[in-house]
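244 is the number of the first residue of the sequence shown in the numbering used here; add one for each residue after it.
We put the CB at the ideal spot given by N, CA and C, even for glycine.
Computed from a predicted structure; not experimentally measured.
First up is the structure itself, then whatever we jot down about it.
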Amino acid sequence: MKLTLNWITLRVRDLEASIAFYNGVLGLPVDRRFESRGRQIVMLGTQEQPKIELIQGGDVTVEPGSGISVGFEVESLDAAMEELAAQRIPIARGPVSPNPRLRFLYVLDPDGFEVQLAQHL
Numbered sequence: 244m245k246l247t248l249n250w251i252t253l254r255v256r257d258l259e260a261s262i263a264f265y266n267g268v269l270g271l272p273v274d275r276r277f278e279s280r281g282r283q284i285v286m287l288g289t290q291e292q293p294k295i296e297l298i299q300g301g302d303v304t305v306e307p308g309s310g311i312s313v314g315f316e317v318e319s320l321d322a323a324m325e326e327l328a329a330q331r332i333p334i335a336r337g338p339v340s341p342n343p344r345l346r347f348l349y350v351l352d353p354d355g356f357e358v359q360l361a362q363h364l
């Protein structure tokens, strides 16, 4: 079986706040917006990037460290930290370097999902 990742779905409380984070902070482009069964849905990302599907609605209660995270590769973790600081996005954990070839950190999205930014050295 050959698998490729289609998208990761996150149910969010405030769709516009989540779009502001994933598009405005992380730079994932909005691919499309639509409604399905009364819920607003936004797809972010491109063919070359992982896609994130945001679905408006529901009571989202995610505790940091709950084991749910979304990870992205960055070219430079130092540059990413500078961009996060400029946008006043706090680092939740890290940076961590578990081995000489990897550094990463976590930030929280508006619903408390952990978002990992990783640099392979």
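*So what's asparagine 342 in DSSP terms, helix, strand or just coil?*
strand
*Quick one: is arginine 346 near chain C, going by C-beta distance under 8 Å?*
Of the protein chains in this structure there is only one, and it is not chain C.
*On the three-state DSSP scale, how would you describe leucine 271?*
coil
*Decide if alanine 322 is buried, meaning its Cβ has at least 16 other Cβ atoms within 10 Å, or exposed.*
exposed
_To the nearest angstrom, how far is the alpha carbon of serine 261 from that of methionine 244?_
33 Å
*Cβ-based burial, arginine 331 [other Cβ within 10 Å; buried from 16]*: Classification for arginine 331: exposed.
*Just the Cα atoms here: how many angstroms apart are isoleucine 311 and valine 268?*
20 Å
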